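I have placed the structure first, in the form of structure tokens, so that the comments after it can refer back to it.
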DNA sequence: GTATGTGAAACGATTCACAGCT
DNA sequence: AGCTGTGAATCGTTTCACATAC
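Residue numbers (the working numbering), protein chains in the order written: chain A, 1 to 210; chain F, 1 to 210.
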């Protein structure tokens, strides 16, 4: 039923659509159409319809999309009907900021473990989760059933830690260290590089002679 | 000299190339070729050459690229030969993590101002920068010559704060709030949405039946 | 009448393959 | 001989426009 081969560009937009639909639900809209979704998401209606059509036929011609049912469908496609089990590896400033970010729970992400190499940080309790030693990485990942890891360790450590995560079965990694990870093709990796993003903004300023 | 119309996909990769070159410089490599850059950056050689060719002719046939001079060229294109003046707006956990991130300075970004709406945070000194009131936004931006703003305010406040930033002449905004900003076309905007990124990873897990 | 779903057209990005320079 | 720079070919994405369904 779920057609294979959803284009990557489409996948990147799905979380945006889901956010818009939740917002529409918050505004008590029972039904929404592609023009409205596009407006909220910052794209155009044709794009919205094409994107959704890769996942199935969720709309009703002449009417639009039922907000609740489209939320259900998108959540299913994104695999966030159950909370995903997330570990934060590296409890520095960024790691701790992410650990206490309230936006995760409501979007299907539960932080179930926090790891750090620094013994002085280990044992610190944050919310209901304690910081555990990175030496215990394998045990913690198994015990908690970690599915996604967020890497906020120093750049030098990132590859080694990623290797260990993959070896214990973690299939998805979001990497905040400014290094490219070399991992098996079946592991999903997203790279976050804030300084790099700022440089892209700087490029645009430069173009305008600023 | 700088040819117009560099494809956006190319621009996104330029910070990656610059990072790789700095790494090569650190390894005392005087010269590098497109195969080596590609390997470090996680692309292929043809892509690297095409990308660089949009910016100019920086290489020497039969030899490769002089590392130092390519660093200079890329830094120039990205507009980071001088430090860019950055303001962090919203001194919550994420804002404070970014404020103290050491990776900015070495990549051409200087945090010159930190703003927050909470009076209890105002006046707190961090590094050499004090947190100032968001009421003073216009004055601070002018005084410090802010070029790029990093928005780490609550989602509800993001659009209003962004409007004020643009009105005082900020031309580039990196937005961490999970809302699409509606701004004039000449303002450069990058959206960061960590929860959304994690949902994309979740999609890939779901595909593999995980 | 209205809005979806989708082939076809237009557009943009990546890869190929080689001429041109060192 | 070796590596860049680049047209041409391929591939993927977006947009158009309309048949189809309500």
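The beta carbon of each residue, even a glycine, is placed where N, CA and C say it ideally should be. Since this is a predicted model, take the numbers as computed values, not measurements.
- According to DSSP, residue 188(A) shares a beta bridge with 172(A).
- Straight across, the Cα-Cα distance linking residue 128(A) with residue 144(A) is about 14 Å.
- Buried is the label assigned to residue 15(F), since at least 16 other Cβ atoms lie within 10 Å of its Cβ.
- Residues of chain A whose Cβ lies closer than 8 Å to the Cβ of residue 174(F) are, in chain order, 194, 197, 198 and 201.
- If you look at residue 82(F), you'll find it isn't in any beta strand (DSSP E); DSSP assigns it neither H nor E.
- Within the DSSP secondary-structure output, residue 206(A) pairs in no beta bridge.
- Assignment of residue 88(F) by DSSP, reduced to helix, strand and coil, places it in the strand class.
- The beta-carbon of residue 109(F) is placed less than 8 Å from the nearest beta-carbon of chain A.
- Identification of chain A residues near residue 94(F) by a Cβ-Cβ cut-off of 7 Å yields 97, ordered along the chain.
- Look at residue 148(F): its C-beta is under 8 Å from a C-beta on chain A.
- Around the beta-carbon of residue 173(F), 16 or more other beta-carbon atoms lie within 10 Å, marking it buried.
- The residue among 66(A), 200(A), 63(A) and 116(A) with its C-alpha nearest the C-alpha of residue 10(F) is 200(A).
- Collapsing the DSSP output to three states places residue 129(F) in a strand.
- Within the same chain, 171, 172 and 173 come within 8 Å of residue 188(F) by CB-CB distance, once the 5 residues on both sides are set aside.
- One alpha carbon belongs to residue 61(F), the other to residue 176(F), and they sit about 43 Å apart.
- For residue 14(A), the chain F residues whose C-beta falls within less than 8 Å of its own C-beta are 199, 200 and 203, listed in chain order.
- Looking at the DSSP output, residue 114(A) bridges to 88(A) and 131(A).
- When 9 Å is used as the limit between beta carbons, residue 208(A) is near these residues of chain F: 171, 186 and 188, in chain order.
- Taking 8 Å as the CB threshold, residue 58(A) stays off the interface with chain F.
- Taking a Cβ-Cβ threshold of 9 Å, none of the residues of chain F is close to residue 183(A); the smallest such distance is about 11 Å.
- Chain-order list of chain F residues neighbouring residue 22(A): empty, with the shortest C-beta distance near 10 Å, by a criterion of under 7 Å.
- Using a CB distance below 7 Å, the part of the segment 67-80 of chain A facing chain F consists of 77, 78, 79 and 80, ordered along the chain.
- Beta-bridge pairing by DSSP links residue 63(F) to no other residue.
- Within chain A, the residues 19 and 103 have their CB atoms less than 7 Å from the CB of residue 178(F), given in chain order.
- In chain order, 17, 20 and 48 place their CB closer than 7 Å to the CB of residue 37(F), counting only its own chain and leaving out the 5 sequence neighbours on each side.
- Less than 8 Å separates the beta-carbon of residue 84(F) from that of residue 148(F).
- Around the CB of residue 100(F), fewer than 16 other CB atoms lie within 10 Å, so the residue is classed as exposed.
- Here the segment 108-119 of chain F makes no contact with the segment 50-65 of chain F; the two share fewer than three CB pairs at distances below 8 Å.
- Under the three-state reduction of DSSP output, residue 14(F) falls in the helix class.
- The segment 133-157 of chain F is shown to contain whole alpha helix (DSSP H) runs of 4 or more residues at 137-144, in chain order.
- Listed along chain A are 198, 202 and 205, each with a C-beta nearer than 8 Å to that of residue 84(F).
- In this structure, the straight-line span from the alpha carbon of residue 64(F) to that of residue 45(F) is close to 12 Å.
- Around the beta carbon of residue 28(A), fewer than 16 other beta carbons lie within 10 angstroms, which makes this residue exposed.
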